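Engineer: In the UniProt record's numbering, the protein residues as written are 1 to 584.
Just so it is clear, CB atoms sit at the ideal spot from N, CA and C, and this is done for glycine as well.
What you are looking at is a predicted structure, and each value in this text was computed from that prediction instead of being measured.
Quick one: the structure is below, and I'll ask about it shortly.
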């Protein structure tokens, strides 16, 4: 017994509401979710690509800046500087033989370097002959030469004497009162006028400090927030420059993106390093989060409206069904006067009209059913009587057979037994499909009588494949008419002969071939016979074969049935194709 609470939850209203939610709300939420996710992913990729392009542009500009300072450092190769050698005896030594006319003092040269770029703050030259230090600065600040890390710089240049070397950002501590941050460019002046040796001859070394403000123009384009970080790393991952207070040291820089941080990198060829930018995703996608929040609110409002409209519409659909159920329960209890109130001419209205007409006719149908039940009982009684008569016939044949046995008429007794078995098989209306074994047993009983009648002039042979299971089902009385036709129209007209039965499996079909070595038939006669078999409405002289063909087509389908082939004076072959039906 279903409780009221269970009936309520199984009502049409609940089912309609659930259907609206499944068909409307869930697709809406799913589509909205995937749309938001797709939009979010697109915006994130677009933002990331834009930032990547900006980092690429910045890396390109930084590399260009470094190359410009590299070119500035090469200016000392464009002239002859007397003071580079520390003695007047060296006046015959030239930095460049092709430009002998250029001769300026070292201090003048340093000023040339100093004012070649607005961001160069100071220049230095260390003469190799006596390690004498020359310097020039734009600001009039006290220079503390002891704080200048010139030995560290020279050590780096000794490792790479032929290359320009760039030193990471550092405070300008060797100028009293300076709060500037600079990076330093250094290059050796190599004597290229003498004989080439394995080790280059260093005349002196040029250094100049560059204000890191040169980078500001590039950083402004990135619009870095307080929590974003930017690093310029050299080949050893030393921090060459950063927007945070970490100078000239190794520092654990995040190199791969995670859930909180977007990491973008671009190579910086001049330093054999890279530019690394770390953006905080929370700030980067803040506007995206606001937009996503607004979209979720809109989805929630649409979902609420859909639920309310779905509930109202479901109730409107469920009310007529509830009224119909109440009237049906009255009819179930025996009240045949129940009628449904019709409101409208839609499907529910037509259903109500149909219910009312059904109730009106129900009493008539009850009376007719009562009469039909009486007739059915009479039919069953007549069927019982018809079963008694074959049983009487079986008993009578058995009495005759036993008398023949007692009279030593064994052949007559065997014929009566075969006939009795055939009658039982034919008259048994219980099954349309029988096992292949039973069908072959019936065929043996039939052929035994034929052999006695025609004095063993005909022979029946069997060829059954090992793949065939005798428990498979075949149509009852499907083989005997074909064998009978082979006797009557084949071997009998020849006088004697052999009838063969070949049974094999072809994929998921059972193939049974009945062949004889009788008189055969002409090609025209064979074509007419096959056309007759393919046309279910056409009459045929071969009633038995036509009946078998029609039964197979009707029960199994058009892909199954009989196919006849024959040659005059050679014989006839009938191929029967049946589905494989295993014994249940």
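For the candidate residues 77, 474, 117, 484, whose alpha-carbon lies nearest to that of residue 448?
Structural biologist: As a first step, residue 448 must be located in the chain shown, where it is residue number 448. The option with the nearest alpha carbon to residue 448 is 484.
Engineer: To the nearest whole angstrom, what separates the beta carbons of residue 501 and residue 487, a pair I think is in contact under 8 Å?
Structural biologist: Translated into positions along the chain shown, residue 501 becomes position 501. Translated into positions along the chain shown, residue 487 becomes position 487. The Cβ separation is near 13 Å, so there is no contact.
Engineer: Just grab the DSSP bridge partners of residue 433 for me.
Structural biologist: Start at 1 with the first residue of the chain shown, and residue 433 comes out as number 433. Its beta-bridge partners are 475.
Engineer: Taking 7 Å as the limit between beta carbons, can you name the residues of its chain near residue 268, skipping five residues before and five after?
Structural biologist: Against the chain shown, residue 268 aligns to sequence position 268. Correct list, in chain order: 59, 62, 63, 232, 274, 275.
Engineer: For residue 381, which of helix, strand or coil comes out of DSSP?
Structural biologist: What you label residue 381 is simply residue 381 of the chain shown in a count that begins at 1. Residue placement at residue 381 is flagged as unreliable, the pLDDT there being 44, under the threshold of 50; the coordinate-derived value follows with that caveat. Residue 381: helix per DSSP, three-state reduction.
Engineer: Along the beta strand (DSSP E) that carries residue 140, what are the first and last residues, could you check?
Structural biologist: Taking the first residue of the chain shown as 1, we reach residue 140 at position 140. First-last for residue 140: undefined, no H or E at that position.
Engineer: To which residues of the same chain is residue 395 closer than 6 Å at the C-beta, ignoring the five residues directly before and after it?
Structural biologist: The residue given as residue 395 occupies position 395 in the chain shown. With a pLDDT of only 48 at residue 395, under the threshold of 50, the placement of this residue in the model should not be trusted; the figure read from the coordinates follows. Within the same chain, residue 395 has no close Cβ partners at all.
Engineer: For residue 533, report the span of its alpha helix (DSSP H) as first-last.
Structural biologist: The residue labelled residue 533 in the question sits at position 533 within the chain shown. 523 to 534 is the span of the alpha helix (DSSP H), which, as asked, contains residue 533.
Engineer: Using beta-carbon positions only, say whether residue 578 and residue 510 come within less than 8 Å of one another.
Structural biologist: The count along the chain shown starts at 1 and reaches residue 578 at position 578. The count along the chain shown starts at 1 and reaches residue 510 at position 510. It is a contact, given that the beta carbons lie within the stated cut-off.
Engineer: Going by Cα to Cα distance, which pick from 547, 108, 73, 203 is closest to residue 476?
Structural biologist: The sequence position of residue 476 within the chain shown is 476, counting from 1. Comparing Cα-Cα distances from residue 476 to each of 547, 108, 73, 203, the minimum goes to 547.
Engineer: What did DSSP end up calling residue 516 once you bin it into helix, strand or coil?
Structural biologist: The count along the chain shown starts at 1 and reaches residue 516 at position 516. Reduced to three states, the DSSP call for residue 516 is strand.
Engineer: State buried or exposed for residue 481, treating a residue as buried only when at least 16 other CB atoms are found within 10 Å of its CB.
Structural biologist: In the chain shown, counting from the first residue as 1, residue 481 sits at position 481. Answer is buried; the Cβ neighbour count reaches 16.
Engineer: Give the secondary structure of residue 114 by DSSP, where H, G and I count as helix, E and B as strand, and everything else as coil.
Structural biologist: The residue given as residue 114 occupies position 114 in the chain shown. Helix.
Engineer: My parser needs the beta strand (DSSP E) runs of 3 or more residues fully inside the stretch 162 to 214; what are they?
Structural biologist: Segments of the beta strand (DSSP E) lying fully in the stretch 162 to 214: 165 to 171, 181 to 190, 202 to 211.
Engineer: Compare the C-alpha of residue 534 against each of 564, 341, 71, 169 and name the closest.
Structural biologist: Position 534 of the chain shown, counted from the first residue, corresponds to residue 534. Of the candidates 564, 341, 71, 169, the one whose C-alpha sits nearest the C-alpha of residue 534 is 564.
Engineer: Does residue 166 pass the burial test, meaning 16 or more other C-beta atoms within 10 Å, or should it be called exposed?
Structural biologist: Locating residue 166 in the chain shown gives position 166, where the first residue counts as 1. So residue 166 ends up on the buried side.
Engineer: If I follow the unbroken beta strand (DSSP E) through residue 481, where does it start and stop?
Structural biologist: Here residue 481 refers to the residue found at position 481 when the chain shown is read from its first residue. That residue, residue 481, is in no beta strand (DSSP E); its alpha helix (DSSP H) goes 480 to 486.
Engineer: Measure from the alpha carbon of residue 39 to the alpha carbon of each residue in 560, 293, 497, 478, then state which is nearest.
Structural biologist: Position 39 of the chain shown, counting from 1, holds the residue named residue 39. Checking every option, the nearest Cα to that of residue 39 belongs to 293.
Engineer: Considering Cα atoms alone, identify which of 186, 135, 141 is closest to residue 158.
Structural biologist: Here residue 158 refers to the residue found at position 158 of the chain shown. Closest by alpha carbon: 186.
Engineer: Who are the near neighbours of residue 262 in its chain, counting only those whose CB is closer than 6 Å to its CB and skipping five residues on each side?
Structural biologist: Looking up residue 262 in the chain shown gives position 262. Answer for residue 262: 279, 281, listed in chain order.
Engineer: Under the three-state reduction of DSSP, which class applies to residue 549: helix, strand or coil?
Structural biologist: Taking the first residue of the chain shown as position 1, residue 549 is located at position 549. Helix at residue 549.
Engineer: To the nearest angstrom, report how far apart residue 307 and residue 52 are at their CA atoms.
Structural biologist: Position 307 of the chain shown, counted from the start, is the residue given in the question as residue 307. Position 52 of the chain shown, counted from the start, is the residue given in the question as residue 52. Looking at the two C-alpha atoms, the distance is approximately 45 Å.
Engineer: Indicate the three-state DSSP secondary structure (helix, strand or coil) for residue 561 in the structure shown.
Structural biologist: Your numbering for residue 561 matches position 561 in the chain shown. In the structure shown, residue 561 sits in a strand (DSSP, three-state: E or B).
Engineer: Report the rounded CA-to-CA distance for residue 126 versus residue 238, giving the unit in angstroms.
Structural biologist: Translated into the one-based positions of the chain shown, residue 126 becomes position 126. Translated into the one-based positions of the chain shown, residue 238 becomes position 238. Using only the alpha carbons, I get a separation of about 26 Å.
Engineer: Just reading off the beta strand (DSSP E) that residue 241 is part of, what are its end residues?
Structural biologist: Here the question's residue 241 lines up with position 241 in the chain shown. Where residue 241 is concerned, the enclosing beta strand (DSSP E) stretches over 239 to 242.
Engineer: Have a look at residue 156 and residue 149 and give me their C-alpha separation to the nearest angstrom.
Structural biologist: Here the question's residue 156 lines up with position 156 in the chain shown. Here the question's residue 149 lines up with position 149 in the chain shown. One C-alpha to the other measures close to 11 Å.
Engineer: Take the Cβ of residue 549 as the centre, count every other Cβ of all protein chains shown within 10 Å, and call the residue buried at 16 or more, exposed below.
Structural biologist: Within the chain shown, residue 549 is the residue found at index 549, counting from 1. Buried: at least 16 other Cβ atoms inside 10 Å.
Engineer: Taking the Cβ atom as the reference point for each residue, do residue 208 and residue 122 lie within a distance shorter than 8 Å?
Structural biologist: Sequence index remark: in the chain shown, residue 208 carries index 208 (1-based). Sequence index remark: in the chain shown, residue 122 carries index 122 (1-based). Yes, the pair counts as a contact, with Cβ atoms nearer than the cut-off.
Engineer: For residue 174, I'd like the list of residues in its chain whose CB is within less than 6 Å of its CB, leaving aside the five on either flank, ordered along the chain.
Structural biologist: Looking up residue 174 in the chain shown gives position 174. Answer for residue 174: 144, 147, 148, listed in chain order.
Engineer: Just grab the DSSP bridge partners of residue 506 for me.
Structural biologist: Position 506 of the chain shown, counting from 1, holds the residue named residue 506. Residue 506 is bridged to 509.
Engineer: May I have the straight-line CA-CA distance separating residue 438 from residue 22, to the nearest angstrom?
Structural biologist: For the purposes of this step, residue 438 is taken as the residue at position 438 of the chain shown. For the purposes of this step, residue 22 is taken as the residue at position 22 of the chain shown. So the alpha carbons of these two residues sit roughly 57 Å apart.
Engineer: Which one of 442, 169, 453, 434 has the shortest CA to CA distance from residue 474?
Structural biologist: On the chain shown, residue 474 is found 474 positions in, with the first residue counted as 1. That would be 434, whose Cα lies nearest to the Cα of residue 474.
Engineer: From residue 495 to residue 544, what does the alpha carbon distance come to, in whole angstroms?
Structural biologist: Indexing the chain shown from 1 puts residue 495 at position 495. Indexing the chain shown from 1 puts residue 544 at position 544. Approximately 22 Å between the Cα atoms of the pair.
Engineer: Short of 7 Å in beta carbon distance, which residues of its chain neighbour residue 445, apart from the five on each side in sequence? Order them along the chain.
Structural biologist: Reading the chain shown from its first residue, position 445 is the one you call residue 445. Closer than 7 Å at Cβ, skipping near neighbours: 418, 421, 422.
Engineer: Hey, how far is the Cα of residue 561 from the Cα of residue 582?
Structural biologist: Working through the chain shown from its first residue, we reach residue 561 at position 561. Working through the chain shown from its first residue, we reach residue 582 at position 582. Approximately 19 Å, taken between the alpha carbons.
Engineer: Kindly indicate the opening and closing residues of the alpha helix (DSSP H) around residue 267.
Structural biologist: Translated into positions along the chain shown, residue 267 becomes position 267. Per DSSP, residue 267 belongs to no alpha helix (DSSP H); it is in the beta strand (DSSP E), 261 to 268.
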